[in-house]
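Contents: one structure, followed by commentary.
In the working numbering, the protein residues as written are 907 to 1200.
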């Protein structure tokens, strides 16, 4: 048993008989299922409290030791700072572990929805060739790298092979666990199509065309946003700093006054080595958020 498994095991033992605590995190149970994190709900909640407590106590001890023995601050001051920073470490650790499944689910959702036109097209081709829904998902289970739905397809196949449920119930469970609402709608549409006796290949073809149109619309919106950001970048990071550098250089040459105790030379250094890199990093992070996944 590895260290990670030991944390989950101890966490499960600590939390298993405390349903009043588990009830406070009921939303986390569905998020865990959507994220695909292979840990039980009780074990995850228990490990969340256990790890956060350990991080808080270790931080408290390290800060208290540093403040008391190295900085030689008074005992009361050391305790106050140690408690505050230990509590902060506990909260940061707790929040990170709590929101980690949401982050994983969001990442999986983005990847699935970016590939959904191609997923639906592939399924439509297979259905048009007379392949049954069960075999379609067996084929999708082998395409994790291409489409990003291999885990969802393997879970559906597992429900059929190991749990003995029929294909429609397996698809329904897969829709409930899927992090992508669009992919869940696709699975529910297949179920409805089977109940109504419709043409599965035609349905999947219409879904593929719809998501392809949506993909083109999102790309147009992205290009418009990118054009706006390019203009803002030229204004904020090229023209603006260039004017400030010229003005500050002239002020430094003339021996101008200070601004909040900072001379023109100091402001020039701050702008060049701190301001511009920070603003550029913010722009790059913003671009990373809006650039389509594929």
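Glycine residues also receive a C-beta, built at the ideal position from the N, C-alpha and C atoms.
Pick from the options that is closest to residue i, judged by C-alpha positions
i            : options                   : result
residue 962  : 1130, 1055 and 987        : 987
residue 1150 : 1139, 1173, 1140 and 1130 : 1173
residue 919  : 952, 930, 928 and 1013    : 952
residue 967  : 944, 995 and 945          : 995
residue 1056 : 948, 1046 and 1152        : 1046
residue 1015 : 1043, 974 and 1085        : 1085
residue 921  : 932, 1103, 933 and 955    : 955
residue 1191 : 998, 981, 1135 and 949    : 1135
residue 1180 : 1061, 1143, 1159 and 1090 : 1143
residue 1053 : 982, 1017 and 1156        : 1017
residue 1078 : 1090, 1156, 1140 and 945  : 1090
residue 1194 : 1128, 989 and 1115        : 1128
residue 1118 : 985, 1068, 1137 and 1024  : 1024
residue 997  : 982, 1121 and 959         : 959
residue 1138 : 1177, 999, 1189 and 1126  : 1189
Residues near residue i by beta carbon distance below 6 Å, same chain, minus five either side
i            : result
residue 900  : In the structure displayed, the chain extends from 907 to 1200; residue 900 sits before or after that span and is not available.
residue 935  : 947
residue 1007 : 937, 938, 941 and 943
residue 1154 : 1170, 1173 and 1174
residue 931  : 951
residue 1076 : 1062, 1065 and 1066
residue 851  : One cannot answer for residue 851 here, as it falls past the ends of the chain, which runs 907 to 1200.
residue 1111 : 1030
Close beta carbons around residue i, own chain, < 7 Å, minus the five adjacent residues each side
i            : result
residue 1074 : 1097 and 1100
residue 1042 : 1029, 1032 and 1033
residue 1140 : none
residue 969  : 987, 988, 991 and 992
residue 1123 : none
residue 1009 : none
residue 1121 : 1023
Residue-chain proximity (residue i, chain C), Cβ-Cβ < 7 Å
i            : result
residue 1118 : Note that chain C does not occur in the displayed structure, where there is just one protein chain.
For residue j and residue i, believed in contact at Cβ under 8 Å, the rounded distance
i            : j            : result
residue 965  : residue 991  : 6 Å
residue 1026 : residue 1113 : 4 Å
residue 1066 : residue 1040 : 7 Å
residue 914  : residue 949  : 4 Å
Own chain residues within Cβ distance below 8 Å of residue i, not counting five before or after
i            : result
residue 999  : 957, 958, 961 and 962
residue 1178 : 1151
residue 973  : 979, 983, 984, 987 and 988
residue 1044 : 1059 and 1063
residue 928  : 921, 947, 948 and 951
residue 1072 : 1066
residue 981  : 974
residue 1103 : none
residue 945  : 914, 938 and 953
residue 1070 : none
Between the region 1032-1043 and the region 1103-1115, do three or more beta carbon pairs fall short of 8 Å? yes
The region 1081-1098 in contact with the region 998-1006 per 3-pair CB rule at 8 Å: no
Three Cβ pairs or more, each shorter than 8 Å: is that satisfied between the region 1136-1151 and the region 1181-1196? yes
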